[in-house]
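In the working numbering, the protein residues as written are 209 to 406.
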């Protein structure tokens, strides 16, 4: 073990002390002792967590080469998210609407452009007490091609106005995808479009 290779593995490659030891055939305690002896400063826990987070495999694969139609779809979806998506202090992509076309279009962007992991998609139904929750879940599940077990517990509003029964005939849904990197990617892509038009 020498200072140069430990620095290379620990700082440049971002390995943990345990991973450095595995690479060099040493125990984690031997590596830590060596680092102390040679004044190789260890990272803060927050920096280690950030590195580990970045090393995790992505749950999506953004398509790089887009056709003209895909480019238009991507831009439309990003503008929808800019207008209707949750954007503050989030790590989850979350777009809510009662308009079926908006939901279907945004879901196409997640599937066709960002190529997300289908199993991680979640749907939250928001409806009123006088609506049939099971029927609404069947409706959205069929329309979006998302299995019912990926729907989380619906929010049923009890204080509704009987005079507004046709306002949201299918309720409102949130399309959610819990991935901080995808959330950041979408905001970055929105910024690129907005700055191009400014």
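Ideal placement from N, C-alpha and C gives every residue a C-beta, glycine not left out.
In this structure, the CA atom of residue 351 is about 23 Å from the CA atom of residue 365.
Looking at the DSSP output, residue 382 sits in a beta bridge with 304 and 332.
In chain order, 333 and 341 place their CB closer than 6 Å to the CB of residue 362, counting only its own chain and leaving out the 5 sequence neighbours on each side. Residue 384 is a Cβ neighbour of residue 302, given a cutoff of 8 Å.
Burial check for residue 289: the Cβ neighbour count within 10 Å reaches 16 or more, so the residue is buried. Fewer than three Cβ pairs drawn from the region 235 to 250 and the region 275 to 283 lie within less than 8 Å of each other, which leaves the two stretches out of contact. Around the beta carbon of residue 305, 16 or more other beta carbons lie within 10 angstroms, which makes this residue buried. By DSSP's assignment, residue 359 forms a beta bridge with 331. Residue 324 sits away from residue 359, with the two beta carbons spaced by 8 Å or more. In this structure, the straight-line span from the alpha carbon of residue 300 to that of residue 388 is close to 6 Å. 224 is the residue among 231, 224, 269 and 217 whose C-alpha sits nearest the C-alpha of residue 257.
In the DSSP assignment, residue 326 falls outside any alpha helix (DSSP H) and carries neither an H nor an E. According to DSSP, residue pairing for residue 293 in a beta bridge involves 303.
Residue state for residue 280 is assigned as helix, using DSSP reduced to three classes. With fewer than 16 other Cβ atoms inside 10 Å of its own Cβ, residue 404 counts as exposed. In this structure, residue 394 sits near residue 286, with a CB-CB distance shorter than 8 Å. As the crow flies, the alpha-carbon of residue 400 is around 30 Å from that of residue 220.
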